[in-house]
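For reference, the structure is listed below as structure tokens.
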DNA sequence: ATGCTAACGCAAAGCGATTCCCGTTAGGAG
DNA sequence: CTCCTAACGGGAATCGCTTTGCGTTAGCAT
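Residue numbers (full-length UniProt numbering), protein chains in the order written: chain R, 1 to 208; chain C, 1 to 208.
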């Protein structure tokens, strides 16, 4: 294995280097979306980007490294819902998650992320951080509900979002059941019940 | 790719064939447990089993096929708790799931299963069926609670178990947060709140 | 006990992933 | 504008995965 820490410290970040990076990342994204993780060939990415194979390996090391870099570039920013009622906000957040998974471009990314995270400890950390950032963003709907006095003040906002999101990923990657739009509403209702009962307080894990 | 349907229809299932199969599966299990999915080499499995490399490839095709066969052999049977109260039963089921993941032998299997399921549609189906079988077994604790009149009669037992299990897998494979024993109790309490509120009825997905 | 052939062992070969070497191009500091 | 060298291009070489051909062993039907 080589260094690859250059991802953070390139000596000449401008001009050609930047063009190469952009081209390769775009090609990788397209290939992943079309062929999926298993069907993606580094050589194809290089060819599509009009770049030498060795360039890809020098800068990213392998497909996993490429994906890690890709994630940093793509972290999807969705508007946070604010309907005035927590349950409908949660349902909206749920639909965003469903949408992410159903979108033909995003699904292969998630697949690749999960695969990579299982294989590479470094990737696991990256995935963990990416998800955590998304949770934090979505958690404001819970915090607003607390301010409104809609739910107990000691509710753990992050845990609420995790509880909401878990079923989607569970179905996608474990039980294999279909992920449908109405799952968002169902999941939101269940989470609400737990929150109202005051069952979502002290986090089971340190929020890092 | 070859046939590999021979996994189900071997012409000479006895004697040498059976010995080979047992030896290879045991070796595969050991290698997966020691090295994990990424570190497992088919050649190592063959060597450990005292079998020719080509034999492994002829019968199982690749590591994924081997894992599929392995799963059929291993489906873990745990006793189903029956404490008389649903919440403590759920917590016990949760602890079983936690234990499965923490056990040094089972963790690589789950990793391998998830990986394989993402790569191979056939494996996805297999994982789906395996999980469904486990859900069904665990769901009896919910059915008993219904008979006791402890929870609404129209509660969907399978969904309760899914709701209980989802956070564990979510933490393991998505958010990357630690999976601890007390998570079992927390998760059980949250599920109970939703069930009592009657929020876990009509299944969001057809039960297969 | 005997014969047929499934299943095995061995080894060569093709394929993609990854590394390495060497010559060339082009940022960007001076 | 010039020079230094980071970064690139091209291709050979290595490595693990997987397939295939051929000869051998051993179930199991008779």
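Beta carbons are placed, not taken as given, at the ideal position from N, Cα and C, and that holds for glycine.
At a CB-CB cut-off below 9 Å, which residues of chain C make contact with residue i?
i: residue 32(R); result: Under the 9 Å cutoff, chain C gives no residues; its nearest Cβ is about 13 Å from residue 32(R).
Look at the alpha carbon of residue i and the alpha carbon of residue j, and state the distance between them as a whole number of angstroms.
i: residue 263(R); j: residue 52(C); result: It is not possible to answer for residue 263(R), since the shown part of chain R is limited to 1 through 208.
i: residue 182(C); j: residue 103(C); result: 16 Å
i: residue 199(R); j: residue 95(R); result: 24 Å
i: residue 127(C); j: residue 100(C); result: 15 Å
i: residue 61(C); j: residue 184(R); result: 39 Å
i: residue 58(R); j: residue 65(R); result: 11 Å
i: residue 80(C); j: residue 150(C); result: 18 Å
i: residue 3(C); j: residue 201(C); result: At residue 3(C), the pLDDT of 44 sits below 50, so the modelled position is not reliable; the number obtained from the coordinates is stated separately. Roughly 43 Å between the two C-alpha positions.
i: residue 154(R); j: residue 167(R); result: 24 Å
i: residue 178(C); j: residue 156(R); result: 17 Å
i: residue 84(C); j: residue 132(R); result: 38 Å
i: residue 47(C); j: residue 118(C); result: 28 Å
i: residue 19(R); j: residue 130(R); result: 25 Å
i: residue 98(C); j: residue 174(R); result: 15 Å
i: residue 176(R); j: residue 15(R); result: 45 Å
i: residue 139(R); j: residue 180(C); result: 23 Å
i: residue 1(R); j: residue 50(C); result: Below a pLDDT of 50, predicted positions are generally treated as unreliable, and residue 1(R), at 41, falls in that range; no measurement from the model is reported.
i: residue 23(R); j: residue 77(R); result: 22 Å
i: residue 55(R); j: residue 172(C); result: 34 Å
i: residue 161(C); j: residue 135(C); result: 6 Å
i: residue 37(C); j: residue 113(C); result: 9 Å
i: residue 87(R); j: residue 196(R); result: 11 Å
i: residue 204(R); j: residue 164(C); result: Because the pLDDT of residue 204(R) is 44, which lies under 50, any placement of that residue in the model is unreliable, and the number read from its coordinates should be weighed accordingly. Taking the straight line from one Cα to the other gives about 14 Å.
Determine the extent of the alpha helix (DSSP H) in which residue i is found, giving its start and end residues.
i: residue 72(C); result: 63-74
i: residue 98(R); result: 86-102
i: residue 116(R); result: 106-119
i: residue 58(R); result: 53-60
i: residue 162(R); result: 157-170
i: residue 145(C); result: 140-148
i: residue 36(C); result: 15-39
i: residue 43(C); result: 42-49
i: residue 185(C); result: 182-196
Using a C-beta to C-beta distance shorter than 8 Å, which residues of chain R count as neighbours of residue i?
i: residue 209(C); result: The requested residue 209(C) is not part of the displayed model; chain C covers only 1 to 208.
i: residue 131(C); result: 174, 175, 176
i: residue 163(C); result: 167, 190
Applying a beta-carbon distance threshold of less than 7 Å, which residues of chain R neighbour residue i?
i: residue 200(C); result: 190
Give the interface partners of residue i over in chain C, defined as CB-CB distance under 7 Å, in chain order.
i: residue 115(R); result: 115, 118
i: residue 193(R); result: 193, 194, 197, 199
i: residue 59(R); result: Per Cβ cutoff of 7 Å: no residues; residue 59(R) is ~22 Å from chain C at best.
i: residue 38(R); result: 119
In chain C, what lies closer than 8 Å to residue i by C-beta?
i: residue 128(R); result: 175, 176, 177
i: residue 152(R); result: By Cβ distance, chain C contributes nothing, its closest Cβ being about 12 Å from residue 152(R), past 8 Å.
i: residue 111(R); result: 118
Would you say residue i touches the ligand SAH, meaning its beta carbon is less than 7 Å from a heavy atom?
i: residue 39(C); result: As far as ligands go, the structure on display features none, and thus does not contain the ligand SAH.
Open item on the list: Tell me whether the segment 57-77 of chain R and the segment 122-139 of chain R touch, counting them as touching only if at least three CB pairs, one residue from each stretch, are closer than 8 Å.
Closed with: yes
Open item on the list: With three or more C-beta pairs closer than 8 Å as the rule, is the segment 85-94 of chain C touching the segment 186-193 of chain C?
Closed with: yes
- [ ] Tell me, please, whether the segment 31-38 of chain R touches the segment 103-117 of chain R by the rule of three or more beta-carbon pairs shorter than 8 Å.
- [x] yes
Task: the segment 138-149 of chain C in contact with the segment 145-152 of chain R per 3-pair CB rule at 8 Å - done: no
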